[in-house]
Amino acid sequence: STRQNSNRPLQIGIGYTTISAGQEYSLAIKSDGSLWAWGSGYKTFPTQIDSGYSTIAAGGFHVLALKTDGTLCSWGSNDFGQLGIGSYSDSQKPQYLLQSDFVAIAAGRAHSLALQSDGSLYAWGRNTSGQLGNSTLDDKTVPVLIGMGYTSVAAGSNHSLALKADGTLWAWGRNNFGQIGDGTASDRKSPVQIGGTYVSVAAGAFFSAALKADGTLWAWGDNNYFGNLGDGTNVNRNTPVMIGAGFDRIAAGGAHMLARKTDGTLWAWGDNYFGQIGDGTNVARNTPELIGPG
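According to my numbering, the sequence shown holds residues 358 to 651 in order.
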């Protein structure tokens, strides 16, 4: 059969509360805790995988999932130890990690991040660019403690972002496009503070974005091909630049972004080759484009 892309939003189902998108697949949790998946490695329509989940994070080819009791499990590709189970063996079924009491997770291309309820940050998996943040370049097959006092995390292909309770933003890992945001192009093996205070973060493949409490959206990193930073240019940025105001939620794909404004309207920009912006075209946009009303 012929595979067709859609360049406008399509309704997939109802009753979902949490969603996450991997490289070629999608995951969603319904209000009853049931976990559903579709795309590469799964069927072409949502199929229930398991139950009892509260949060999911889709990496390149691996999945992290939090159970409602705070236990963490993982499955998929494990060539760099990104499942955190102490081996390099892939798994088609959920594998439970030894640690528990997790409240937030993020998955990069081949590395993983997780926060416990006391603010302790753990990382594991691929570390060739320092994306684990433990001051080494060694891959880890089990979670290692990176620091304390964190409240949220985000993972790009090979870089990581985290917010602390005081709103300070920290980043580490690959920095070839300026995605760390510290004004350099040098990789960082441990967390470095980025200017400003923020309330949420998101990471694309090679770029980063963050929201401030006043609703302003800031972005930095790779912008050369698709304008995915949304600042009206196709110039890479190695420090945060303001994109707009009035936003309250953000999400980043490989090279495109989605953002919701406080009035409920949805905006998108960046790479649109497969229609991922949802504006009915396949034209890349370097400024936020209104997709639909609230």
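No residue lacks a Cβ here, since even glycine has one placed at the ideal position from N, Cα and C. Computed from a prediction, not measured in an experiment: that's the story for all the values here.
The Cβ neighbour count for M614, taken over all protein chains shown within 10 Å, is at least 16; the residue is labelled buried.
Bridge pairing for A612: absent [DSSP]. An exposed status is given to N362, since fewer than 16 other beta-carbon atoms sit within 10 Å of its beta-carbon.
A buried status is given to L421, since no fewer than 16 other beta-carbon atoms sit within 10 Å of its beta-carbon. In this structure A560 is in contact with L518, their Cβ atoms being roughly 5 angstroms apart against a cut-off of 8 angstroms. Collapsing the DSSP output to three states places S517 in a strand. For Y507, the enclosing beta strand (DSSP E) starts and ends at Y507 to A512. Cβ atoms of A641 and D628 come within 8 angstroms of each other, at about 6 angstroms.
Bridge pairing for L472: A461 and L478 [DSSP]. The stretch 556-621 is shown to contain whole beta strand (DSSP E) runs of 3 or more residues at 557-560, 564-568, 574-578, 594-601, 604-609 and 613-618, in chain order. In the structure shown, T401 falls within a coil segment according to DSSP collapsed to helix, strand and coil. When the alpha-carbon of G530 is set against those of H468, G476 and G504, the nearest one is in H468. For L392, the number of other beta carbons within 10 angstroms of its own is at least 16, and it is reported as buried.
For E381, the three-state secondary structure derived from DSSP is coil. Take L647, set aside five residues on each side of it, and the residues of its chain with a beta-carbon closer than 7 angstroms to its own are T622 and W624, in chain order.
A contact between stretches requires three or more CB pairs, one per stretch, nearer than 8 angstroms, and the stretch 470-483 fails this requirement with the stretch 533-540.
Closest by C-alpha distance to K618, out of N591, G572, S377 and F583, is G572. Listed in chain order, the non-local C-beta contacts of Y630 below 7 angstroms within the same chain comprise N639, local neighbours out to five positions each way being set aside. Here DSSP, grouped into helix, strand and coil, assigns Y373 to strand. Contact between the stretch 371-386 and the stretch 410-427 is present: 3 or more CB-CB pairs across the two stretches fall below 8 angstroms. At a Cβ-Cβ threshold of 8 angstroms, V510 and A463 count as neighbours.
Within the DSSP secondary-structure output, Q452 pairs in a beta bridge with S431.
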